[in-house]
Amino acid sequence: MATFEPARLVSDMMKQSERPVIGPSPAGTIGLGAGDPDFRTPAHVRQAMIDAVNEGYSNYPPMTGDPDLLQALADYLERRYEVDWNTSDITITNGGSGALYASLAGYLNPGDAVLLPEPTYSQYADITRLVGAEVIWVKQTADWHLDPDAIRAAAVANPRAKILVINNPNNPTGVVYGRAELEATAAVAEECNLLVLADEVYDHLILDDIEFTSTMDIEGFQGRLIYCNSFSKTFAMTGWRLGWVAASPGLTPPIARVSRTSGGWVNWALQRAGIAAMNGPMEETEAMRVEYAARRDLIEELLDGAEGVSWTRPQGAFYAFFKYDAPVTSRRMSALLRERGVALRSGSEYGPSGEGYIRLAFAADRAAITEGMLRMRSTMAEAREGKIS
3 MATFEPARLV SDMMKQSERP VIGPSPAGTI GLGAGDPDFR TPAHVRQAMI DAVNEGYSNY
63 PPMTGDPDLL QALADYLERR YEVDWNTSDI TITNGGSGAL YASLAGYLNP GDAVLLPEPT
123 YSQYADITRL VGAEVIWVKQ TADWHLDPDA IRAAAVANPR AKILVINNPN NPTGVVYGRA
183 ELEATAAVAE ECNLLVLADE VYDHLILDDI EFTSTMDIEG FQGRLIYCNS FSKTFAMTGW
243 RLGWVAASPG LTPPIARVSR TSGGWVNWAL QRAGIAAMNG PMEETEAMRV EYAARRDLIE
303 ELLDGAEGVS WTRPQGAFYA FFKYDAPVTS RRMSALLRER GVALRSGSEY GPSGEGYIRL
363 AFAADRAAIT EGMLRMRSTM AEAREGKIS
């Protein structure tokens, strides 16, 4: 039988990626690995999808996106951030991942570099490598905040650095970046002439009574901003696959072209449901946020007394990033945990600083979180004592 080699860039990316291919788990496994909300999509959004199908939204939509959805997104940006965004500078994509791919592929040439303050969402690195660009990991501060000086140093040391990625609130740490560090980072981006890709998909999931500052709020980012968001986390629509990009004037054409070429048009009935989400009530999203905060507090209680396990209490999103004291790698610890019936993610997936950490997604019910935490604590204790390795 003939054999065929994959494309070199794909092969290289696959060798370096630590993103797991998640299939069905063995019976009895508690799944706390995927960032997949256990809530139902709000009823008015589901009904809008049904209505759109029944009303005949089954053809190709306008190539640039449904005009009503584009306007709803522009109106949202004006309501929330007081920015006047032209609908021609918004791209509708197949999921948030489609937004990230179109944004990075639209601007990166082979040999360019992307600055990734880490730990951070692992797909940025995979996409960067897939298009032949280089990943430059940039350490954050000890408490997982942005370090503008480190970003500047990385940009200066890598003359082909072209894009800085900011994930706020952060996956996997749950840290919410503040205005001062964002303003200082914007100054570095301007000084080093960097495009800034801002991924703010958890912007409605702020768990503490703190102000959320968006890159949209920072004047220094304007003119170089590629803002990515999606419906997945805000409206519990992970399986629906609807995302969007709002780019500074003049930056949209390559993003839109990559999106249309790689993913084609976005399901029209789905776009109609997106309109209902953007223009509808937010009570169910707020209820999700409150429940995530309660789950975070439950985890804090369950962590009490656990020797050799620590965390930075997350302020946003729905992730707990645990540091453990045991002589096993993050990947091995993840495998040991799976053997004991709880699926968590290896910290090293999110960058070099994630080694020695494990990520838990509290996007499952409290009973699953409680049992999963008990299994995690016992497994880490055994590893710490050298009983397993």
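Counting from 1, position 149 in the sequence shown corresponds to residue 151 in the numbering used here; the numbering is continuous, with no gaps. Here a beta-carbon is modelled for each residue, glycine too, at the ideal position from N, C-alpha and C.
- Annotated three-state conformation of Glu-303 is helix, per DSSP.
- Per DSSP, Arg-226 is not a residue of any alpha helix (DSSP H), being assigned neither H nor E.
- In the DSSP assignment, Ala-163 falls within the beta strand (DSSP E) that extends over 163–169.
- Distances from the CA of Asn-169 to each of Gly-245, Leu-346, Tyr-126, Ser-261 were compared; the closest alpha carbon is that of Tyr-126.
- Here the stretch 109–118 makes no contact with the stretch 75–92; the two share fewer than three CB pairs at distances below 8 angstroms.
- Residue environment: Ile-52 is assigned as exposed (fewer than 16 neighbouring CB atoms within 10 Å of its CB, all protein chains considered).
- The beta carbon of Val-178 lies closer than 7 angstroms to those of Asn-170, Pro-171, Ile-208, Ile-212, Phe-214, Gln-317, Gly-318 in the same chain, with the five residues before and after it left out.
- Spanning the alpha carbons of His-46 and Ala-279 requires a straight line of approximately 8 angstroms.
- For the pair of segments examined, the stretch 155–165 was found to touch the stretch 131–141: the number of CB pairs separated by less than 8 angstroms reaches three.
- Judged by DSSP in its simplified three-state form, Trp-313 adopts strand.
- Around the CB of Ser-264, fewer than 16 other CB atoms lie within 10 Å, so the residue is classed as exposed.
- Note that the C-beta distance between Pro-64 and Thr-240 is not below 9 angstroms.
- For Arg-386, DSSP assigns no beta-bridge partner whatsoever.
- In this chain, the beta strand (DSSP E) harbouring Val-140 covers 136–141.
- For Val-330, the three-state secondary structure derived from DSSP is coil.
- Cα atoms of Ala-74 and Pro-150: separation of roughly 34 angstroms, rounded to the nearest angstrom.
- The beta carbon of Ala-189 is closer than 8 angstroms to those of Pro-150, Gly-222 in its chain, skipping five residues each way along the sequence.
- In terms of Cα proximity to Glu-357, the closest of Ala-50, Ala-370, Arg-334, Leu-197 is Arg-334.
- Assigned with DSSP and collapsed to three states, Trp-246 falls in strand.
- Counting every other CB atom within 10 Å of its CB across the protein chains shown gives Glu-286 a total of 16 or more, marking it as buried.
- The DSSP assignment places 181–193 as complete runs of the alpha helix (DSSP H) inside the stretch 153–214, in order along the chain (cut-off: 4 residues).
- The DSSP-derived three-state label of Val-344 is strand.
- With a 10 Å radius around the Cβ and a threshold of 16 neighbouring Cβ atoms, Asp-128 comes out buried.
- Annotated three-state conformation of Lys-17 is helix, per DSSP.
- The three-state reading of DSSP puts Thr-130 in helix, counting H, G and I together.
- Taking a contact as a CB-CB distance under 8 angstroms, the pair Arg-162 and Met-15 does not count as one, their CB atoms being some 19 angstroms apart.
- Rounded to whole angstroms, the Cβ separation of Ala-200 and Lys-164 is 15 angstroms, and the two are not in contact under 8 angstroms.
- Check the Cα spacing between Arg-42 and each of Thr-236, Ala-385, Gln-224, Gly-282: the tightest is with Thr-236.
- Within the stretch 30–102, complete beta strand (DSSP E) segments of at least 3 residues are found at 92–95, given in chain order.
- As computed with DSSP, Phe-324 is found in a beta bridge with Trp-313, Ile-360.
- Residue Glu-192 holds the alpha-carbon nearest to the alpha-carbon of Ile-220 among Ser-348, Pro-119, Glu-192, Asp-299.
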